Structures are given as structure tokens and as C-alpha cells.
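Inspection log for the structure reproduced underneath, given as C-alpha cells.
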Amino acid sequence: MEICNSQPHIGVLALQGDFEAHLKTLASLGVEGTAIRLPEQLIQIDGIIIPGGESTTIGKLMVKYHLQEVLLQKIQEGVPVWGTCAGLILLARETDNALAGQPLLASMNIRVRRNAFGSQRESFETDLSVPVLGEAPFHAVFIRGPQIEYAGPGVEVLATLDDDTIVAVREGTMLGTAFHPEVSGDPRFHQYFLRIVQSVNR
Ligand code: GLN
């Protein structure tokens, strides 16, 4: 993919979860991401990825390390953000079974249900049609992922399962996937996010 002008500075929240896999996928695209653990690391960042893991743990650490406010400020300023799985839960304005007081970023106009795939389908893989990525299906890996139960006005549905369950959304510069594109060996979602980042940094 062509990266215009200078390299975008992508920060991957690295408090818990599979942030390494995101950094590797970015590196495969020639983009050196920054593992974010401190608020000051966000100052120069053009785009933020919040990885999968355990949303309650990431949320608690985000508060402990004083990252919640800075992240919210960046999102409100329009810095593109992409949440995968637990990251998507943190971005959702509503989570139906969140633990009381679970710290969230609550920015996207969606409602998610955590661990929504019953035990048999807790983890599964499937080929998804994702028109914004082109014709070839995207191999999606779900690991105890959430379902997006409601997508409000302004939210574009990017992909659904066969039963119409929403699993990928975009709202302006915010992107959310209920699955893990960083482990499927297909960089198209990362390229799509980098295009969003470039479109606001032009
Ligand atoms: N079930 C986890 C949560 O509720 C998300 C799982 C994941 O990110 N793979 O946070």
C-alpha cells in the first residue's frame, strides 16, 4: 500500500491483550507502531488501535495509568481509533452486561453484548463478506467476541454474519470489529484503518 508523505504514527494500546499481533501486522505494511503505555506517548499519535484481550482488565489499567481521559480527548478531536473485540467493547456507548462500573471510552453509537456467542461458538472462524475491503472474503477469527446488537444513526455496518449479526462497524473516524483481523494474516483491515488515518491527516 502506498503511504503518502510521511509515515503515520499509529499507537497500539499495550496494557493487556494481543497488541503485539497488531504491531506485527502494521510492521508488515511498513508502519512502525508504538506500544502505548503512558499518556504522553499519545501526543504525536495519528491513529489509535485498542486490541482484543479482556475489556474489564484493559479498562481498569487504562484508568490506573491515566490513559482514559487522554484517549477520550484524542477520540473527540477526531483522531481515528479502531477497537478489535475487547477494544470494540471499550468503544461502545452501551454494553448490556458490562460489570457495573466497568471503565469504558463509550464513544461509538452502538450497543454490544459481551461474550454473546454461546459456549459452542465462543471461538470460531468464518469467511466474511466485507465490501469495503474488496471482493475477496475476509477470514475472521472470533475469540469470545461481542455482538453488536444495535447500531445507531451515523454508524455504517461493514460486515454481518449469515444470521445478520453485526460484527464490523464504522462511525466517522471510529472503526470497530468484533473479531481479530490481527491474527488472520490478511492485512486489509489494517490497510483500511491506515486509509482512514491518511484521510484525516492530509
Ligand atoms: N470477552 C472479552 C471481553 O469481554 C473480549 C475477548 C477478546 O477480546 N478476544 O472483554
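Taken in order, the sequence shown gives residues 1 to 202; the numbers are from the working numbering.
By construction, the Cβ of each residue, glycine as well, lies at the ideal position given by its N, Cα and C atoms.
Since this is a predicted model, take the numbers as computed values, not measurements.
Query                                                                                  : Result
Option in Gly30, Thr84, Lys24 and Gln44 with minimal Cα separation from Gly52          : Thr84
Near the ligand SAH: Thr25 beta-carbon under 8 Å from a heavy atom                     : What this structure holds is the ligand GLN, not the ligand SAH.
8 Å contact criterion, which Val197 and Asp46 should meet: CB distance rounded         : 5 Å
Closest Cα partner of Leu194 within the set Glu32, Leu38 and Leu71                     : Glu32
Inter-residue CB distance, Asn109 and Gly152 (contact presumed, cutoff 8 Å)            : 4 Å
Residue burial classification, Cys4 (beta-carbon count within 10 angstroms, cutoff 16) : Confidence in Cys4 is poor, its pLDDT being 49 and thus under 50, which makes the residue's placement unreliable; the coordinate value appears in the next sentence. It is exposed - the Cβ of Cys4 has fewer than 16 other Cβ atoms within 10 Å.
Option in Arg170, Glu54, Gln191 and Asp162 with minimal Cα separation from Pro103      : Glu54
Closest residue to Ile50 among Ile43, Leu67, Gln44 and Leu158 (Cα-Cα distance)         : Leu67
Inter-residue Cα distance where the pair is Asp186 and Ala21                           : 12 Å
In DSSP terms, what Ser123 is bridged to                                               : Ile143
Span of the beta strand (DSSP E) around Gly176                                         : Met174 to Thr177
Where Ala192 falls: helix, strand or coil (DSSP)                                       : The residue asked about is misnamed: residue 192 is Tyr in this sequence, not Ala. Looking at Tyr192 - three-state DSSP - the assignment turns out to be helix.
Exposure label - Thr95; buried when at least 16 CB within 10 Å                         : buried
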